[in-house]
Amino acid sequence: MNINLVPMPNEIYTDYKLFFRKSIMENVSVEYDSKYSAEEYSITIDEKGAKIKCSSKAGENYAVQTLKQLEFSYAGNIPYLKIKDKPAFSYRGFMIDCSRHFFSVEELKKIIDAASLFKFNRFHWHLTDDQGWRMEIKKYPLLTEKGSKREFSNFGRYFNKNSHEGFYTQSQMKEIVEYCRKKSIEVIPEIEMPGHTSACLHAYPRLSCTAKEIPVRTHAGIFKDILCAGKEEVYEFLFDILEEIALIFPSEYVHIGGDEAPKDRWMECPHCKQKLESLGLKDYEQLQGYMLNRIHEYLQKKGKKAITWNESLRGKNLEKGITVQNWREKNDECSIRASVGGKIVVSDFFHYYLDYPLGMTPLKKTYMYNPVPAVLPESLRKNILGVEATIWTEFIENIDNMSMMSFPRLAAVAETGWTQKEDKSYIDFKHRLIQVLPMIKKIGLKYPDPSQWDPNFFKSIIQVLKFVNNMYNKETLRAGKQ
Ligand SMILES: [Zn+2]
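Per numbering that gives the first Met the number 0, numbering of the sequence shown is gapless, rising by one per residue and ending at 481.
Below, the structure is given as structure tokens:
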């Protein structure tokens, strides 16, 4: 049935014979019923208005979003209908990288508002990286005093000679947490370790293997200076930070990074070598596994769980209780993990990385992607917790640009996360989205014209060439050698 809702509800019935003529939002009643599951809701619209049934605030919020979309398309003319609805996946996330470029609390709230419209329930907040440390930690003030500033930005086409800086105070982070809580969105903070830590090491050089001075990075890349896994003070430092984080973020999860960490320095470090030998580990990938397992154990004492990027599977000793976010490992790796009960969140690089142009990842490609590996038996599907779209910001320097890159594809990830696979249809989705997406204009966000959502072959080639050409410059190419 073609009614303008995104994501498409599980069940919807209307015969379009009778219509509600008044404002639906002013005629809503809510009844809590424990028979409904946590995120489930139903809506009945008749002459009395809209009646929502659910068992939680989350269910109520999703029902309200559905009503807002109906009012937007059919104000004063909403057909009497019945909807029964619940999500396909329990984890429906979006990630914003606030390290490569800093975004204000007010700007983040706009993206959160738009994500909530499409029933996302996790905001993964990438707060630390090589190009800037963005969270206030009271015990280690240099992290923000020194680590939140870089001299200039040299991300290829976005060369900017001005210095770039910014961080969130603890009270601002609490404000975001509370803002999201009201929308049934959990905020998952990410603290990168052991790699992507140049900004942290700029503030506290003694935490690396060599203890040498390094700058907050001004360009993208994978850097060899990472946190030392052999020095005990590194673990104490991380525990202290996580202790403060646990007081700010009530989330079930904390993301602890684990991606793109070259082992060059560890292999030459007496502390790391000693740690590896004393633990009887096979190689330095296992040392990373040990490090992250220890952090996970600490988080568990705080009632939390860790998520890491998929590279952490390489040592083959990652604790089963750690959830893995899969961005580019072969699906087999994650299928194996899921087949022994490990939990996976899917953020496939070729489909869910929204910082790449539509010419490379058109809307249809994002929409059609099935996050459940084909080899995974139906009985193990539950170990795929869900989906997450990532918005990396090396090439996104302002909110308009972020919005133009995020939409319409964020809505496609939302529908994959919510709607049952057998109920999905791309043509139908695109038609509905064209009607619904103008709602984000009210929030102050922009999106490309629908004629650009699936560029033709020639436009795609031009966009891809332009993007790749702009990614690289002399400094970026040199970065690999550092
Ligand atoms: Zn070391």
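The C-beta atom is built at its ideal place from N, Cα and C for all residues, glycine as well.
Going by C-alpha positions, residue 18 is about 32 Å away from residue 408. Residue 340 places its beta carbon 8 Å or farther from that of residue 308. The stretch 364-372 and the stretch 459-467 do not touch, with fewer than 3 CB-CB distances between them shorter than 8 Å. These are the residues, in chain order, with a beta carbon less than 7 Å from any non-hydrogen atom of ligand 1: 208, 227, 228, 229, 230, 264, 265, 268, 270, 271. Between the alpha carbons of residue 174 and residue 271 lies a distance of about 39 Å. Excluding the 5 residues flanking it on each side, residue 108 has same chain C-beta neighbours closer than 8 Å at 175, 178, in chain order. Residues 17, 44, 45 of the same chain have their beta carbon placed closer than 6 Å to that of residue 79, with the five preceding and five following residues left out of the count.
Residue 405 counts as buried, since at least 16 other C-beta atoms from the protein chains shown sit within 10 angstroms of its C-beta. In this structure, residue 434 lies near residue 3, with their beta-carbon atoms less than 8 Å apart.
Per DSSP, residue 121 lies in no alpha helix (DSSP H) segment; the continuous beta strand (DSSP E) that holds it begins and ends at 121-125.
Residue environment for residue 279: exposed (fewer than 16 other C-beta atoms within 10 angstroms of its C-beta). With a beta-carbon spacing of about 6 Å, residue 471 and residue 155 fall inside the 8 Å limit used to define contacts.
With respect to the 8 Å criterion, residue 306 and residue 350 are not classified as neighbours on the basis of their beta carbons.
Within the stretch 221-298, the complete alpha helix (DSSP H) segments of 4 residues or longer fall at 231-247, 263-266, 269-278, listed in chain order. Burial check for residue 297: the Cβ neighbour count within 10 Å reaches 16 or more, so the residue is buried. At the C-beta level, residue 314 and residue 287 come within 8 Å of one another. Residue 152 sits away from residue 127, with the two beta carbons spaced by 8 Å or more.
Per the coordinates, the alpha-carbon of residue 6 lies some 41 Å from the alpha-carbon of residue 161.
Residues 261, 263, 264, 481 of the same chain have their beta carbon placed closer than 8 Å to that of residue 223, with the five preceding and five following residues left out of the count. DSSP, read as helix, strand or coil, puts residue 326 in coil. Contact between the stretch 389-404 and the stretch 99-106 is present, with at least three C-beta pairs closer than 8 Å. Residue ranges of uninterrupted beta strand (DSSP E) with 3 or more members, entirely inside the stretch 79-131 and ordered along the chain, are 80-84, 90-96, 121-125. With 16 or more other Cβ atoms inside 10 Å of its own Cβ, residue 184 counts as buried. Per the DSSP secondary-structure output, residue 179 pairs with nothing in a beta bridge. Counting other Cβ atoms within 10 Å of its Cβ, residue 146 reaches 16 or more and is therefore classed as buried. Here DSSP, grouped into helix, strand and coil, assigns residue 195 to coil. Here the C-alpha atom of residue 396 lies approximately 21 Å from the C-alpha atom of residue 452. In terms of CA proximity to residue 328, 310 leads the group 310, 89, 337, 342.
About 15 Å separates the CB atoms of residue 134 and residue 94; that is not less than 8 Å, and the two are not in contact. For secondary structure counted as the beta strand (DSSP E) over 3 or more consecutive residues, the stretch 11-40 holds these complete runs in sequence order: 27-31. Given a length threshold of 4 residues, each whole run of the alpha helix (DSSP H) inside the stretch 297-356 is given here in chain order: 330-338, 348-351.
Per the DSSP secondary-structure output, residue 207 pairs in a beta bridge with 226. Residue 302 counts as exposed, since fewer than 16 other beta carbons sit within 10 angstroms of its beta carbon. With three or more CB-CB distances shorter than 8 Å, the stretch 187-198 counts as touching the stretch 116-126. Distance check between residue 67 and each of 181, 386, 439, 37 places 439 closest, using alpha-carbon atoms only.
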